[in-house]
Amino acid sequence: MANSVPVHKPVAADEMEALVNQCDLVVTIGFGLLLPEYILKIPKFGFINLHFSLLPRWRGAAPVQRALEAGDTRTGVTVFKLDKGMDTGPIYSSLAFDIESTMNTADLLA
């Protein structure tokens, strides 16, 4: 628990379901599971996620690695609402930045 905010790392949808029953809002970071719609509806305010690309580019897993492999010169992070699709929910905010030629995956995830 950091700053009185519980931190969990569920690896399956049933684990997530057990965790969110008492939540009003769930914040996920780089979350790799597609959750069933009934789980997404449990928290009063839903789920928001921080994704390591400028959506809709590089939806899904390993967006940082994919940006580097593609030779992208710009990337960023996106905060959006989780829905039943793969990184398809409404976008709330994004922050873009340049990818320097010396940057690697660790630099972009720092």
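So the sequence shown is numbered by the working numbering: it starts at 28 and just counts up by one. Even glycine gets a Cβ: it sits at the ideal position worked out from N, Cα and C. Just so you know, these numbers come straight off a predicted model, no measurement behind them.
Using CA coordinates, which residue listed in PHE79, LEU81, LEU82 and ASP41 is at the minimum distance from PHE67? Indexing the sequence shown from 1 puts residue 67 at position 40. Note that residue 67 is Leu in the sequence shown here, rather than Phe. When the alpha-carbon of LEU67 is set against those of PHE79, LEU81, LEU82 and ASP41, the nearest one is in ASP41.
Using three-state DSSP, classify THR55 as helix, strand or coil. As a working note, residue 55 is residue 28 in the sequence shown. In the three-state scheme derived from DSSP, where H, G and I count as helix and E and B as strand, THR55 is classed as strand.
Strand pairing of LEU122, partner residues [DSSP]: Here residue 122 refers to the residue found at position 95 of the sequence shown. According to DSSP, which records beta bridges pairwise, LEU122 is partnered with VAL104.
Decide if HIS78 is buried, meaning its Cβ has at least 16 other Cβ atoms within 10 Å, or exposed. Counting from one through the sequence shown, the residue named residue 78 turns up at place 51. By the 10 Å Cβ count, HIS78 comes out buried.
Touching by the beta-carbon criterion (3+ pairs, under 8 Å), the stretch 58 to 75 and the stretch 29 to 48: Yes: at least three Cβ pairs fall under 8 Å.
Please report the straight-line C-alpha distance between LYS36 and GLU127, rounded to a whole angstrom. Numbered from its first residue, the sequence shown carries residue 36 at position 9. Numbered from its first residue, the sequence shown carries residue 127 at position 100. If you take the alpha carbons of LYS36 and GLU127, they lie about 31 Å apart.
Take SER121 as the anchor and find which of THR132, GLY112 and ARG101 has the nearest alpha-carbon. Walking along the sequence shown from the start, residue 121 turns up at place 94. Measuring from the Cα of SER121, the nearest candidate turns out to be ARG101.
For VAL32, the three-state DSSP class (helix, strand or coil): Numbered from 1 along the sequence shown, position 5 holds the residue referred to as residue 32. In this structure, VAL32 counts as strand in the three-state DSSP scheme.
Please name the residue or residues paired with ILE75 in a DSSP beta bridge. Residue 75 sits at position 48 when you count from the first residue of the sequence shown. Per DSSP, VAL54 and LYS108.
Pick from ASP51, ALA137, PHE72 and ASN131: whose alpha carbon is nearest that of GLU96? Counted from its first residue, the sequence shown places residue 96 at position 69. For GLU96, the closest of ASP51, ALA137, PHE72 and ASN131 by C-alpha to C-alpha distance is ASN131.
Residues of its chain near ILE118, where Cβ-Cβ distance is below 7 Å and the 5 sequence neighbours each way are ignored: Residue numbering aside, residue 118 sits at position 91 when the sequence shown is read from its first letter. The answer, listed in chain order, is LEU82, THR105 and PHE107.
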